[in-house]
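K.L.:
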Amino acid sequence: MSDTYFVYCACVLLFALLLDRVVGEVKCYHPLVGFGRVANRLERWLNISTGGNPKRGSYTRGALAWGLMVLPVPLVSYFANGVWVLQWPTLLRLGLDVLVVYFALGLQSLKLHGLQVYKPLNRGDLDSARHFTGYLVSRETSKLSAQDMSRATVESMLENGHDAVIATLFWFVVGGAPAVILHRLVNTLDAMWGYKNTRLHAFGWLAARSDDVLGFLPAKVCTLLYACQGGFFKAIKNAFRQGGIYKSHNGGWVMAAGATSMKIKLGGPAVYHGELVLSPALGCGRWVSYEDIPRSLLWVQRASFLFVGVVFLGGIITLCFSRFLDGV
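See below:
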């Protein structure tokens, strides 16, 4: 690792965030759209009943499908990076890395989907708000109140702020473009196959568990970034106590920290696939309202630029220390 590595990483992340902010999500030919289509076809082909032990067959076929969808592109990227890309001029490498991070980021997409719920709620159009809330969550939305939709949207903003933003930034610093690609593909498969219903519980087991593993460390980083925006120690305590008993460990930590920092409460009952699920309270303060949707987006945006700032500061310190050692 060179003494300019973290400065380089900070530049890549900053340019990718700015590109995402200016251009937004690619409307046509997004790589993940094509990936999702192939994943759907593969799941329909492989996720079928087998002989004596259907459950075991589903686990095996799910693992095979996971390997076919997730491993080839990151491996090709890793070997290409070692053989060719590192030999390229710095500006060309930087441009390629910026594009990879940009395609993996979902900050502006997250903002778009959050505001699609906020705007109709702000004007009292509950039917439109329920329609767009259904784009964000898997819970049933047909009977949700304004407060229920506000809760669902803020939870989605804070949790996906980790999945689609902070985790991407984190994995680029840790492992470069191959790690970003690996995490984004794993996270996408989890969103498609990681459900505990009859069809996908066994088949999507590896997709869900691998996303939990890859999300563990960046979720802790995201927790710190949310906590830094207010009530740091209480946010960390609630992340540990409340997030630890939430159905998703990573999601529970970041939502508890974010809600505490925002001085609001999340959690409560929700209907998933016809079943009532009671989630523990996350955060502290007043109950969430629709006005907290843009606030949650602001928390995610601040967290992303705070992360870049920390990486850049670490790069400057590393560079100065290296120069100091060279002069001794």
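In short: position in the sequence shown from 1, add 43, done, that's our numbering.
Where is the CB? At the ideal position from N, CA and C, for every residue including glycine.
1. Report buried or exposed for Asp-170, applying the criterion of at least 16 other Cβ atoms within 10 angstroms of its Cβ.
2. DSSP three-state label for Leu-309, please.
3. Quick check: Val-297 and Cys-265, are their CB atoms within less than 8 Å of each other?
4. Going straight from the alpha carbon of Gly-167 to that of Gln-190, what length do you get?
5. Less than 8 Å between the beta carbons of Gly-273 and Ser-304, yes or no?
6. Kindly confirm or deny that the stretch 80-87 and the stretch 228-242 touch, where touching means at least three C-beta pairs closer than 8 Å.
7. Going by Cα to Cα distance, which pick from Met-200, Phe-215, Gly-311 is closest to Val-343?
8. Exposed or buried, Ala-53, counting other C-beta atoms within 10 Å across all chains shown (16 or more means buried)?
9. Under the three-state reduction of DSSP, which class applies to Tyr-333: helix, strand or coil?
10. What did DSSP end up calling Val-180 once you bin it into helix, strand or coil?
11. Can you round the beta-carbon distance between Ala-324 and Gly-204 to whole angstroms, since I take them to be within the 8 Å contact cut?
12. Have a look at the DSSP bridge pairing and note the partners of Val-320.
13. Classify Ser-339: buried if its beta carbon has 16 or more other beta carbons within 10 angstroms, exposed otherwise.
14. Evaluate contact between the stretch 205-222 and the stretch 252-268, counting only Cβ atoms and requiring at least three cross-stretch pairs below 8 Å.
15. Would the beta-carbon of Leu-148 fall within 8 Å of that of Ala-207?
16. With the cut-off set at 8 Å, would you say Val-331 and Leu-56 are in Cβ contact?
17. Secondary structure at Gly-125, three-state DSSP: helix, strand or coil?
P.N.:
On the basis of the data shown:
1. exposed
2. strand
3. yes
4. 12 Å
5. yes
6. yes
7. Met-200
8. buried
9. coil
10. coil
11. Not really, about 20 Å apart at Cβ, beyond 8 Å.
12. Ala-313
13. buried
14. yes
15. yes
16. no
17. helix
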